[in-house]
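Enquirer:
In the numbering used here, the protein residues as written are 8 to 266.
1. State yes or no: is the C-beta of residue 48 within less than 9 Å of the C-beta of residue 86?
2. Between the Cα of residue 168 and the Cα atoms of 179, 162, 149 and 158, which residue gives the shortest distance?
3. Go ahead and label residue 140 buried or exposed: buried means 16 or more other beta carbons lie within 10 angstroms of its beta carbon, across all protein chains shown.
4. Considering just the uninterrupted stretch of the alpha helix (DSSP H) at residue 189, what are its terminal residues?
5. Does the pairing of the region 128-139 with the region 194-202 give three or more beta-carbon distances under 8 Å?
6. Could you pull the DSSP bridge partners for residue 101 from this structure?
7. Tell me the start and end of each unbroken beta strand (DSSP E) in the region 116-194 that is at least 3 residues and wholly inside, in chain order.
8. Does the region 166-180 touch the region 238-246, meaning 3 or more C-beta pairs lie closer than 8 Å?
9. Tell me the rounded alpha-carbon separation between residue 102 and residue 187.
10. Under the three-state reduction of DSSP, which class applies to residue 81: helix, strand or coil?
11. Quick one, are the C-beta atoms of residue 264 and residue 66 less than 9 Å apart?
12. By a C-beta neighbour count over all protein chains shown, 10 Å radius and 16 as the cutoff for buried, is residue 122 buried or exposed?
13. Would you tell me roughly how many angstroms separate the C-alpha atoms of residue 197 and residue 156, rounded to the nearest one?
14. Can you tell me the Cα-Cα spacing of residue 93 and residue 37, whole angstroms?
15. Please tell me whether residue 224 and residue 117 are closer than 9 Å, where the distance is taken between their beta carbons.
16. Three-state secondary structure (DSSP) at residue 50?
17. Measure the alpha-carbon distance for residue 231 versus residue 181 and round it to whole angstroms.
18. Just the C-alpha distance for residue 227 and residue 112, rounded to the nearest angstrom, thanks.
19. So for residue 209, helix, strand or coil by DSSP?
20. Among the residues of its own chain, which have a CB less than 7 Å from the CB of residue 88, if the five just before and after it don't count?
21. In whole angstroms, what separates the C-alpha of residue 272 from that of residue 154?
22. Please classify residue 76 as buried or exposed, where buried requires at least 16 other C-beta atoms within 10 Å of its C-beta.
23. Can residue 210 and residue 162 be called in contact, C-beta distance under 9 Å?
24. Buried or exposed, going by whether 16 or more other CB atoms sit within 10 Å of the CB of residue 59?
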């Protein structure tokens, strides 16, 4: 009778060993970053990636005692590339939204900044759909700002770009009338630059949690809940230790973590 239980027990033990062998220990992590979204992520004149997201990624990896490799990826291919295992996590100021939660797991938030609409300072600061009728509004393709603008401005022309800095170039050149984008990217990446002279924040910043979520988190595959938990724990740890605040102060004169 005892022999009948030997084979199932051996099979169970073998399965457990196989599962543990396949489960990553996350000592090496590939992180998808954009590199075209200053001051969060950009490529410096030396060809190296830099920015708030980049420094936060490195701080989190140090806290997790993991060796991390940065993989540059265009924004609209971020989640597909994650699913295709081009990298293991996305640190690219990606807003935590219900729609994205259908495809990925998110860590706790690591920053939270509101959206702005930016256009010529001479424009009326009414950004209602009626006031923006016929206007060209530039957005980064597949971003939360794209989705909100598309749903809100049915009678405007939504012009989509692969990178936010391309939006700013066309805004400065007068090829579009306004852009909806992250407030920090708009302020530091455009309004406070020579190209942003004569432009301003229009109207009251939109605030719709259904589109804009509750801050930016780190996205991982649905199957990688352990990695999700490690990132969430690391975010709490670097905020408690003061490392987060040092990175914050390098780029901003306010707390980018938000409420």
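Backbone N, C-alpha and C define an ideal beta-carbon position, used for all residues, glycine too.
Expert: Here's the rundown:
1. Between residue 48 and residue 86, the gap from beta carbon to beta carbon reaches 9 Å or more.
2. Of 179, 162, 149 and 158, the residue nearest in Cα terms is 149.
3. Result: exposed.
4. Per DSSP, residue 189 belongs to no alpha helix (DSSP H); it is in the beta strand (DSSP E), 185-189.
5. With the cut-off at 8 Å, the region 128-139 and the region 194-202 do not touch.
6. Note: residue 101 sits in a beta bridge opposite 224.
7. If only complete runs of 3 or more residues are kept, the region 116-194 shows the beta strand (DSSP E) at 122-127, 143-147, 164-168 and 185-189, in order along the chain.
8. With a cut-off of 8 Å on Cβ pairs, the region 238-246 is not in contact with the region 166-180, counting fewer than three such pairs.
9. Computed Cα separation, rounded: 15 Å.
10. Reduced to three states, the DSSP call for residue 81 is coil.
11. The beta carbons of residue 264 and residue 66 sit no closer together than 9 Å.
12. Taking all protein chains shown into account, residue 122 has 16 or more neighbouring C-beta atoms within 10 Å of its C-beta and is therefore buried.
13. Distance between the alpha carbons of residue 197 and residue 156: 20 Å.
14. Each residue's Cα considered, the two are about 8 Å apart.
15. A contact, by the Cβ cut-off of 9 Å.
16. In this structure, residue 50 counts as strand in the three-state DSSP scheme.
17. C-alpha separation (whole angstroms): 45 Å.
18. When rounded, the distance between both Cα atoms is 5 Å.
19. The answer is coil: DSSP assigns residue 209 none of H, G, I, E or B.
20. In chain order, 39, 80 and 94 place their CB closer than 7 Å to the CB of residue 88, counting only its own chain and leaving out the 5 sequence neighbours on each side.
21. The displayed coordinates of the chain run from 8 to 266. Any statement about residue 272 would go beyond what the structure contains.
22. Exposed, because fewer than 16 other Cβ atoms sit within 10 Å of the Cβ of residue 76.
23. The answer is no: Cβ separation not under 9 Å.
24. Within a 10 Å sphere around the beta-carbon of residue 59 sit 16 or more other beta-carbons, which makes this residue buried.
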